[in-house]
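See structure below.
In the numbering used here, the protein residues as written are 983 to 1254.
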């Protein structure tokens, strides 16, 4: 029987998508994974739609050329909301799974019908988010917080930071949302999942902290299950380790190297 050793590719503007890869690996341990952080294009959350499309489509093209993946997970809310159609059009024949804020699960648990969404400035302003709210949370008030500084903190300062520094980074957004009476907070930027414990600590037990990683892992399982039988995963011991790539020139450095180590990825170098 022919086995499929092609990897599943995860993509983000930076390190935000790594918890999504972790959730997928826990659900689908037989698959091989590659991850690309678009260091050259980071950050996406302050870019125009056209800039995000250009950066994401170009970076993913490099990853596809290098790794020939069987599926692509766009583990970035901003790239999904602004560029998913162009990413799919540029990769015919490869299933593409996007990531959107977990509005539906938040609406399912909110008793106050007030939901906070913390994401990048671009993501909170996107029509996509309004569409999700109309579809899944029409009876809920949505409190939108764009926190670009928190994205930068995770990308540049999370590795080696103290608990106090992490709490201080999260506090402004949490206090702004709690001040408006939310009882569910959606982590609408994948970067913020690295700080989920801090969000939980500051929000307190009466507020649900919601993200989409388990839903995306389940969606990926469904997508992979629709591949031909010969696409079943196969991981001989000799196969290369799960790998992390960066765009742009330069060494991995301690920050990206630290994230790669946490998530069990081999630093595989830069894609030009």
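Using N, Cα and C, we set each Cβ at its ideal position, and we do this for glycine too.
Inter-residue Cα distance where the pair is residue i and residue j
| i | j | result |
| --- | --- | --- |
| residue 1001 | residue 1121 | 30 angstroms |
| residue 1037 | residue 1023 | 6 angstroms |
| residue 1223 | residue 1164 | 42 angstroms |
| residue 1147 | residue 1075 | 44 angstroms |
| residue 1051 | residue 990 | 5 angstroms |
| residue 1091 | residue 1112 | 19 angstroms |
| residue 1063 | residue 1053 | 19 angstroms |
| residue 1206 | residue 1030 | 32 angstroms |
| residue 1239 | residue 1231 | 15 angstroms |
| residue 1197 | residue 1233 | 34 angstroms |
| residue 1016 | residue 1123 | 38 angstroms |
| residue 1089 | residue 1097 | 7 angstroms |
| residue 1021 | residue 1035 | 15 angstroms |
| residue 1060 | residue 1105 | 5 angstroms |
| residue 1103 | residue 1046 | 29 angstroms |
| residue 1248 | residue 1242 | 6 angstroms |
| residue 1107 | residue 1135 | 21 angstroms |
| residue 1251 | residue 1042 | 15 angstroms |
| residue 1033 | residue 1010 | 33 angstroms |
| residue 1244 | residue 1153 | 24 angstroms |
| residue 1116 | residue 1067 | 21 angstroms |
Extent of the continuous alpha helix (DSSP H) to which residue i belongs
| i | result |
| --- | --- |
| residue 1132 | 1130 to 1139 |
| residue 1085 | 1085 to 1091 |
| residue 1028 | Residue 1028 -> no alpha helix (DSSP H), and no H or E assigned at all. |
| residue 1004 | 1000 to 1009 |
| residue 1060 | 1059 to 1072 |
| residue 1105 | 1103 to 1107 |
| residue 1240 | 1235 to 1244 |
| residue 1149 | 1145 to 1160 |
| residue 1184 | 1178 to 1185 |
| residue 1205 | 1195 to 1207 |
CB contact flag (residue i, residue j, <8 angstroms)
| i | j | result |
| --- | --- | --- |
| residue 1003 | residue 1065 | no |
| residue 1006 | residue 1199 | yes |
| residue 996 | residue 1137 | yes |
| residue 1175 | residue 1195 | yes |
| residue 1101 | residue 1128 | yes |
| residue 1083 | residue 1114 | yes |
| residue 1229 | residue 994 | no |
| residue 1185 | residue 1156 | yes |
| residue 1070 | residue 1078 | yes |
| residue 1048 | residue 1253 | yes |
| residue 1109 | residue 1149 | no |
| residue 992 | residue 999 | yes |
Residue range of the beta strand (DSSP E) that includes residue i
| i | result |
| --- | --- |
| residue 1018 | 1015 to 1019 |
| residue 994 | 990 to 994 |
| residue 1076 | No beta strand (DSSP E) contains residue 1076, which DSSP labels as neither H nor E. |
| residue 1251 | 1248 to 1253 |
| residue 1192 | 1190 to 1192 |
Residue closest to residue i, alpha-carbon to alpha-carbon, out of the options
| i | options | result |
| --- | --- | --- |
| residue 1170 | 1033, 1133 and 1242 | 1133 |
| residue 1235 | 1207, 1173 and 1141 | 1141 |
| residue 1094 | 1230, 1073, 1239 and 1119 | 1119 |
| residue 1013 | 1167, 998, 987 and 1019 | 987 |
| residue 1126 | 1033, 1162, 1010 and 1208 | 1162 |
| residue 1246 | 1237, 1049, 1226 and 1252 | 1226 |
| residue 1085 | 1187, 1183 and 1167 | 1167 |
| residue 1040 | 1107, 1073 and 1116 | 1073 |
| residue 1145 | 1159, 1154, 1117 and 1177 | 1177 |
| residue 1143 | 1153, 1044 and 1237 | 1237 |
| residue 1193 | 1158, 1099 and 1018 | 1099 |
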